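K.L.:
Residue numbers (the numbering used here), protein chains in the order written: chain Z, 181 to 587; chain D, -18 to 107.
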């Protein structure tokens, strides 16, 4: 039997989004054409059928993260969940205090929402991380004040894949009576999430990072001890008033199916992907001057973020056009600012400019990884032949001592 | 981001890549940019006794547009007198490569690299 031919581009950008699993797509279709009722319609069978699908999906999401289904609120995605959690809690509890805490390497959905809350009169502390990308718990403890009402920390970082110690942070916050929100968009199907034991009050989820459709997510709102939120979307009082708006039955059915499959297949899938990731890393490490960004142990197996020294990230991405990856460097923007996440790790501008994020997933194969490693080695060698910095490095010049003509 | 065909051509088949001996009397070297900004260009010219640029080499650390800009100017400076070469404007480079606004700085850097190489050669022959 011959191996199936590779199809290009090879997709290694699963943290940007995942393809919808065909089993998920199948689950969704009948709710578009056949069972099209409004889940809020109580007066006929079409409505009941749709409601049944929504509640089945809610049970499946709850089962993956071990919470009560009644603790989940459907949203349009993780960004909306984060907005509802942070703005909703801050507004509800503002009489208790006006201080919020988060981390500099959070996703923009959190950082931008925090900026908005600052504009509304809240005070926000943005914590640094270590060179490994992890939050230091002593530093967190030092930042918590009497008037702190909420802390928000992501479970898995989207750029470097590192896993924060959510259990320990939860204990600390609970002890001090501070609400704890966790952005788990990148964690579902990759990490064990046990909301029975984690002292987490609010948790945001997305479907499309876990083989579900774009445009749907959920927010976990703990019942015991009860967490209250000020609604951000008003209307028909859906989702117990937390989030009005007709539920998108097909999207929700898709998210439920995606999370059900994640629960079933997570262990085997993580093992398989770890082997692929380690093979990719071994292939990359045959080159000199490559650096992994972020801790390699406390990290999901799906992520590899690497800086190729003396090669500029955007030109490398252009060179490896057979592979769909993303650059840590936001070099295409006019500001030419390298990734704020890598800068927060204390990486030099050069290394931050030279980074590529590879994220593997359910449909990644060993053949694709082999091709990627070969392709990278060839292209990095070509670009280093073009690089005056590589030439200087090979001549034994320490680049940090060079006086650059800045522009 | 979409690159123009000319940028892709220069990027995939860069002209005149390499280095001349910096110490050679007939060579002028210009190095501009900074790694922290994401681009560094090294442009070298080899000048004949008649003051005409006979040959040029470059090495560039930077995005595709930076590589294309420097590759292009190595072609343009050949056969030019020093002052003619130093007169090449970034706008000509940007127009030839159809650079988008966010990549204009690449053409400015290439213009600066030519000027620096010419300057270096002139210093050697003062």
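Every residue gets a Cβ at the ideal spot worked out from N, C-alpha and C, and that includes glycine.
All figures in this text were calculated on a predicted structure; none of them were measured in a lab.
Determine, using beta carbons only, whether residue 95 of chain D and residue 67 of chain D come nearer to each other than 8 Å.
P.N.:
Residue 95 of chain D sits at position 114 when you count from the first residue of the second chain. Residue 67 of chain D sits at position 86 when you count from the first residue of the second chain. It is a contact, given that the beta carbons lie within the stated cut-off.
K.L.:
Output, in sequence order along the chain, the residues in the segment 32 to 47 of chain D whose CB is closer than 8 Å to any CB in chain Z.
P.N.:
40, 41, 42, 43, 44, 45, 47
K.L.:
Taking Cβ-Cβ distances shorter than 7 Å, what residues in chain D pair up with residue 533 of chain Z?
P.N.:
Residue 533 of chain Z sits at position 353 when you count from the first residue of the first chain. Correct list: 19.
K.L.:
Please decide whether residue 23 of chain D counts as near chain Z, where near means a Cβ-Cβ distance under 8 Å.
P.N.:
Mapped onto the second chain, residue 23 of chain D falls at position 42. Taking Cβ atoms only, chain Z reaches closer than 8 Å to residue 23 of chain D, which makes this a yes.
K.L.:
Give me the DSSP bridge partner(s) of residue 254 of chain Z.
P.N.:
Your numbering for residue 254 of chain Z matches position 74 in the first chain. DSSP lists Z/398 as partners of residue 254 of chain Z.
K.L.:
Between the segment -17 to 17 of chain D and chain Z, which residues of the former have CB atoms less than 8 Å from a CB of the latter, in chain order?
P.N.:
-16, -8, -5, -2, 0, 12, 13, 14, 15, 16, 17
K.L.:
Could you tell me which uninterrupted beta strand (DSSP E) segments, each at least 3 residues in length, are contained entirely in the segment 498 to 566 of chain Z, listed from first to last along the chain?
P.N.:
535 to 539
K.L.:
Could you give the distance in angstroms between the alpha-carbon of residue 478 of chain Z and the alpha-carbon of residue 343 of chain Z?
P.N.:
The count along the first chain starts at 1 and reaches residue 478 of chain Z at position 298. The count along the first chain starts at 1 and reaches residue 343 of chain Z at position 163. Residue 478 of chain Z and residue 343 of chain Z: Cα-Cα distance of roughly 6 Å.
K.L.:
Should residue 495 of chain Z be flagged as near chain D, meaning a C-beta pair shorter than 8 Å?
P.N.:
Walking along the first chain from the start, residue 495 of chain Z turns up at place 315. Chain D, which has a Cβ nearer than 8 Å to the Cβ of residue 495 of chain Z, makes this yes.
K.L.:
Where does residue 248 of chain Z fall in DSSP's three states?
P.N.:
As a first step, residue 248 of chain Z is located in the first chain; it is residue number 68 there, counting from the start. Residue 248 of chain Z falls in the coil class under three-state DSSP.
K.L.:
Output yes or no for whether 8 Å exceeds the beta carbon distance between residue 360 of chain Z and residue 349 of chain Z.
P.N.:
Counted from its first residue, the first chain places residue 360 of chain Z at position 180. Counted from its first residue, the first chain places residue 349 of chain Z at position 169. Yes, Cβ-Cβ distance for residue 360 of chain Z and residue 349 of chain Z is below 8 Å.
K.L.:
Any residues in the segment 480 to 495 of chain Z with a beta carbon nearer than 9 Å to a beta carbon of chain D? Which ones, in chain order?
P.N.:
Listed by position along the chain: 490, 491, 492, 493, 494, 495.
K.L.:
Residue 42 of chain D: which of Z/584, Z/580, Z/564 sits nearest, CA to CA?
P.N.:
Numbered from its first residue, the second chain carries residue 42 of chain D at position 61. Checking every option, the nearest Cα to that of residue 42 of chain D belongs to Z/564.
K.L.:
Can you pull the DSSP bridge partners for residue 8 of chain D?
P.N.:
Here residue 8 of chain D corresponds to residue number 27 of the second chain, with the count starting at 1. The partner list for residue 8 of chain D (beta bridge, DSSP) reads D/27.
K.L.:
Have a look at residue 514 of chain Z and residue 299 of chain Z and give me their C-alpha separation to the nearest angstrom.
P.N.:
Against the first chain, residue 514 of chain Z aligns to sequence position 334. Against the first chain, residue 299 of chain Z aligns to sequence position 119. Below a pLDDT of 50, predicted positions are generally treated as unreliable, and residue 514 of chain Z, at 41, falls in that range; no measurement from the model is reported.
K.L.:
Give every residue of the same chain whose Cβ lies closer than 8 Å to the Cβ of residue 511 of chain Z, excluding the five residues on either side of it in the sequence, and list them in chain order.
P.N.:
For the purposes of this step, residue 511 of chain Z is taken as residue 331 along the first chain, with counting starting at 1. In this prediction, residue 511 of chain Z has a pLDDT of 42, which is less than 50 and means its spatial position is unreliable; what the coordinates show is noted afterwards. Counting only Cβ-Cβ distances below 8 Å, and skipping sequence neighbours, we find 492, 493, 494, 518, 533.
K.L.:
What does DSSP give as the partner residues of residue 336 of chain Z in its beta bridges?
P.N.:
Counting from one through the first chain, the residue named residue 336 of chain Z turns up at place 156. In the DSSP output, where bridge partners are listed per residue, residue 336 of chain Z has Z/343.
K.L.:
Are the CB atoms of residue 396 of chain Z and residue 341 of chain Z within a distance shorter than 8 Å?
P.N.:
Walking along the first chain from the start, residue 341 of chain Z turns up at place 161. Walking along the first chain from the start, residue 396 of chain Z turns up at place 216. It is not a contact, given that the beta carbons lie outside the stated cut-off.
K.L.:
Counting pairs of Cβ atoms below 8 Å between the segment 499 to 508 of chain Z and the segment 412 to 428 of chain Z, do you hit three or more?
P.N.:
With a cut-off of 8 Å, the segment 412 to 428 of chain Z and the segment 499 to 508 of chain Z do not count as touching, because too few Cβ pairs lie within range.
K.L.:
Checking the sheet assignment: what are the DSSP bridge partners for residue 172 of chain Z?
P.N.:
Nothing can be reported for residue 172 of chain Z: it is not among the residues displayed for chain Z, which extend from 181 to 587.
K.L.:
Using a beta-carbon distance below 8 Å, is residue 498 of chain Z in contact with chain D?
P.N.:
Translated into the one-based positions of the first chain, residue 498 of chain Z becomes position 318. It does: the Cβ of residue 498 of chain Z has a partner Cβ on chain D nearer than 8 Å.
K.L.:
Threshold first: 3 residues or longer. Then list the beta strand (DSSP E) segments lying entirely within the segment 294 to 335 of chain Z, N to C.
P.N.:
DSSP runs (the beta strand (DSSP E)) wholly in the segment 294 to 335 of chain Z: 303 to 307, 328 to 334.
K.L.:
For the segment 517 to 531 of chain Z, list every residue whose C-beta sits within 9 Å of some C-beta in chain D, in sequence order.
P.N.:
518, 528, 529, 530
K.L.:
With the cut-off set at 8 Å, would you say residue 541 of chain Z and residue 194 of chain Z are in Cβ contact?
P.N.:
On the first chain, residue 541 of chain Z is found 361 positions in, with the first residue counted as 1. On the first chain, residue 194 of chain Z is found 14 positions in, with the first residue counted as 1. Closer than 8 Å, so yes.
K.L.:
In its own chain, which residues sit with a C-beta less than 7 Å from the C-beta of residue 454 of chain Z, not counting the 5 before and 5 after it?
P.N.:
Within the first chain, residue 454 of chain Z is the residue found at index 274, counting from 1. Cβ neighbours of residue 454 of chain Z beyond the five flanking positions: 481.
K.L.:
Of the choices Z/525, Z/185, Z/329, whose alpha-carbon is the least far from that of residue 311 of chain Z?
P.N.:
To locate residue 311 of chain Z, count along the first chain from 1; it is residue 131. Selected option, being the one with the closest Cα: Z/525.
K.L.:
Inspect the beta-carbon positions of residue 339 of chain Z and residue 485 of chain Z and report whether they are closer than 8 Å.
P.N.:
As a first step, residue 339 of chain Z must be located in the first chain, where it is residue number 159. As a first step, residue 485 of chain Z must be located in the first chain, where it is residue number 305. Result yes, Cβ atoms of residue 339 of chain Z and residue 485 of chain Z sit closer than 8 Å.
K.L.:
Could you pull the DSSP bridge partners for residue 485 of chain Z from this structure?
P.N.:
Looking up residue 485 of chain Z in the first chain gives position 305. Beta-bridge pairing links residue 485 of chain Z to Z/537.
K.L.:
Just verifying my parser: in three-state terms, what is the DSSP assignment at residue 102 of chain D?
P.N.:
Position 121 of the second chain holds residue 102 of chain D. DSSP places residue 102 of chain D in helix when its eight states are reduced to three.
K.L.:
Please name the residue in Z/377, Z/385, Z/331 whose C-alpha comes closest to that of residue 364 of chain Z.
P.N.:
For the purposes of this step, residue 364 of chain Z is taken as the residue at position 184 of the first chain. It is Z/385 whose Cα lies nearest to the Cα of residue 364 of chain Z.
K.L.:
8 Å is my cut-off, CB to CB: does residue 193 of chain Z come that close to chain D?
P.N.:
Counted from its first residue, the first chain places residue 193 of chain Z at position 13. Residue 193 of chain Z does not count as touching chain D.
K.L.:
Can the beta-carbon of residue 315 of chain Z be found less than 8 Å from the beta-carbon of residue 324 of chain Z?
P.N.:
As a position in the first chain, residue 315 of chain Z is number 135, starting the count at 1. As a position in the first chain, residue 324 of chain Z is number 144, starting the count at 1. Their beta carbons are not under 8 Å apart, which means residue 315 of chain Z does not touch residue 324 of chain Z by this criterion.
K.L.:
Starting from residue 51 of chain D, trace the beta strand (DSSP E) in both directions and tell me its first and last residue.
P.N.:
Position 70 of the second chain, counted from the start, is the residue given in the question as residue 51 of chain D. Unbroken run through residue 51 of chain D is the alpha helix (DSSP H), 45 to 58; no beta strand (DSSP E).
K.L.:
Going by other Cβ atoms of all chains shown within 10 Å of its Cβ, with 16 needed for buried, is residue 583 of chain Z buried or exposed?
P.N.:
Against the first chain, residue 583 of chain Z aligns to sequence position 403. So residue 583 of chain Z ends up on the exposed side.
K.L.:
Quick one: Cα of residue 228 of chain Z to Cα of residue 255 of chain Z, how far?
P.N.:
Residue 228 of chain Z sits at position 48 when you count from the first residue of the first chain. Residue 255 of chain Z sits at position 75 when you count from the first residue of the first chain. Going from the Cα of residue 228 of chain Z to the Cα of residue 255 of chain Z covers about 21 Å.
K.L.:
Taking only the alpha-carbon atoms, compute the straight-line gap between residue 375 of chain Z and residue 457 of chain Z and give it to the nearest angstrom.
P.N.:
Here the question's residue 375 of chain Z lines up with position 195 in the first chain. Here the question's residue 457 of chain Z lines up with position 277 in the first chain. Using only the alpha carbons, I get a separation of about 28 Å.
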